[in-house]
Amino acid sequence: MKSSSSGTTATSNRASGAGWACVRHFSEPAPIDCGKMGPMEPTKYIWFDGEMVPWADANVHVLSHALHYGTGIFEGIRAYETPQGTEVFRLTDHMARLHQSAKAYNMKLDWSVPELVEAAKEILRVNGLESGYVRPISFLELGAIGLNPAGARVRTAIIAWKWGAYLGEEGVLNGIRVKVSSWRRFPNTAFPNAKATGTYINSILAKMEAVQSGYDEALMLNQDGVVSEGSGENLFLVRGGVVYTPPIAVGCLDGLTRNAVMTLLAEEGYEIVEKTLDRSDLYYGDEVFFTGTAAEVTPVREIDDRPVGDGTPGPVTRVAQALYADLVAGKLGKHQDWLEYI
Ligand SMILES: Cc1ncc(COP(=O)(O)O)c(C=O)c1O
């Protein structure tokens, strides 16, 4: 007998010597580890194809196509508390990108962009979340189990929860330590440039390697050996006052935070150049930072055990961080259309 993490006593899945024991059910949600952000607090409801389902009941069958083959698409979105109420940053753009990913994988979604936008707002409201992370996911469930997914039912869920700084508060303040991964980012000739669940096993290999080696995050090169992106972030490099970022064609995600930060810095008068960067550029940069919905704007203080600049977040990084923080907090007075109030 073994005590499950939910606190209920349950039989071990593998019975000693006498075949297989009965299925272990979790009556309470099990804690979910979120690395530097501590355990996730389950919320009351998950939006599941138009219904508000209690957190513990939002389950799928083990024969789901997506579980076997990674046939899912998803988004990561953040909601922020502002003086004007809770806003979901670029919610419509995120749902439009979900639809774009669906198109790339020939997945027919039952829900339109405006319907998903409303559902995301509703899941925040019913769970009483004034800020947090929103995770829409569409995936192939039952109906097909071969490699031809025709006939598999497409399910869509939206989960929301409270979430802190993805790479840790300390990382946001002082910068993170990054290692160039031995894993290359998959090329756009292997998968469409989309946010598909299965492709993230590539990022997961890189992230695991970096963390197990004592770094905070991985930086992936592409097949040609040029810089693509972090395991879940776009990269920016500042040199001589010019702000560089790799072009999407190298195989990085067309990040919405990347786009927002490029816009904000350009408005401040910085020169922004989409340029192919090689590994040595990383060592000669004055400043490097990551952007992403989860990571927001996170300074990189060290790459491959070499300090970036003087090893502390530089002035352009600080400007990008401050502009982005003000923007999402509803204090910038610009780009109001990116702030979608619930
Ligand atoms: C691989 C990867 N690159 C970049 C990003 C940043 O994209 P965004 O700013 O749209 O969140 C993400 C996050 O979704 C990601 O997973």
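Residue 84 in the numbering used here is what sits at position 25 of the sequence shown, and the numbering runs on without skipping anything. Positions of the beta carbon are idealized from the N, C-alpha and C atoms, including for glycine.
Notebook entry, point to check: Should E181 be counted as a contact of ligand 1 given a C-beta to heavy atom distance under 8 Å?
Noted result: Position 122 of the sequence shown holds residue 181. Checking the Cβ of E181 against ligand 1 gives no.
Margin query: Looking at ligand 1, does it come within less than 8 Å of L312, judged from the CB to the closest heavy atom?
Written below: Within the sequence shown, the letter at position 253 stands for residue 312. It does: the Cβ of L312 is within 8 Å (strictly closer) of some heavy atom of ligand 1.
Note to self: Measuring only the C-alpha atoms, how far is E333 from A319?
What the structure shows: For the purposes of this step, residue 333 is taken as the residue at position 274 of the sequence shown. For the purposes of this step, residue 319 is taken as the residue at position 260 of the sequence shown. When rounded, the distance between both Cα atoms is 14 Å.
Checklist line | Extent of the continuous beta strand (DSSP E) to which I182 belongs | finding: In the sequence shown, counting from the first residue as 1, residue 182 sits at position 123. Looking at the DSSP string, I182 is not in any beta strand (DSSP E); the run it does join, the alpha helix (DSSP H), is V172 to V185.
Check: What residue range is occupied by the uninterrupted beta strand (DSSP E) comprising L278?
Finding: The count along the sequence shown starts at 1 and reaches residue 278 at position 219. For L278, the enclosing beta strand (DSSP E) covers residues E276 to L280.
Notebook entry, point to check: When the distance is taken between beta carbons, is Y104 closer than 9 Å to I182?
Noted result: What you label residue 182 is simply residue 123 of the sequence shown in a count that begins at 1. What you label residue 104 is simply residue 45 of the sequence shown in a count that begins at 1. Yes; because the gap between Cβ atoms is below 9 Å, this pair is in contact.
Margin query: Within the continuous beta strand (DSSP E) that includes E110, where are the two ends?
Written below: Within the sequence shown, residue 110 is the residue found at index 51, counting from 1. Unbroken beta strand (DSSP E) run through E110: E110 to P113.
Check: With a Cβ-Cβ cutoff of 9 Å, do I136 and V193 count as a contact?
Finding: Along the sequence shown, one-based indexing puts residue 136 at 77. Along the sequence shown, one-based indexing puts residue 193 at 134. Yes, these two residues count as a Cβ contact at 9 Å.
Note to self: Check whether the segment 279-293 and the segment 302-321 touch, using three or more Cβ-Cβ pairs below 8 Å as the test.
What the structure shows: Contact between the segment 279-293 and the segment 302-321 is present, because at least three Cβ pairs lie under 8 Å.
Margin query: For a test of the three-state rule: what should DSSP assign to D34, helix, strand or coil?
Written below: Absent from the model: residue 34. The displayed extent of the chain is 60 to 401, so no value can be given.
Margin query: Within a Cβ cutoff of 6 Å, which residues of the same chain sit near D313, ignoring the five residues on either side of it in sequence?
Written below: Here residue 313 is taken as the residue at index 254 of the sequence shown, counted from 1. When the five nearest sequence neighbours on each side are left out, the beta carbons in the same chain lying within less than 6 Å of the beta carbon of D313 are those of I307, in order along the chain.
Next item on the list: Hey, could you find the ends of the alpha helix (DSSP H) T151 is sitting in?
Entry: Residue 151 sits at position 92 when you count from the first residue of the sequence shown. Taken as a continuous stretch (DSSP letters only), the alpha helix (DSSP H) holding T151 covers L150 to A163.
Next item on the list: With DSSP as the reference, please indicate the residues paired to I331 in a beta bridge.
Entry: For this step, residue 331 is matched to residue 272 along the sequence shown. Beta-bridge pairing links I331 to V302.
Notebook entry, point to check: On the premise that L226 lies in contact with I217, defined as a C-beta separation below 8 Å, what is that separation, rounded to the nearest angstrom?
Noted result: Mapped onto the sequence shown, residue 217 falls at position 158. Mapped onto the sequence shown, residue 226 falls at position 167. In fact, because the Cβ distance is near 24 Å, the residues do not count as touching under 8 Å.
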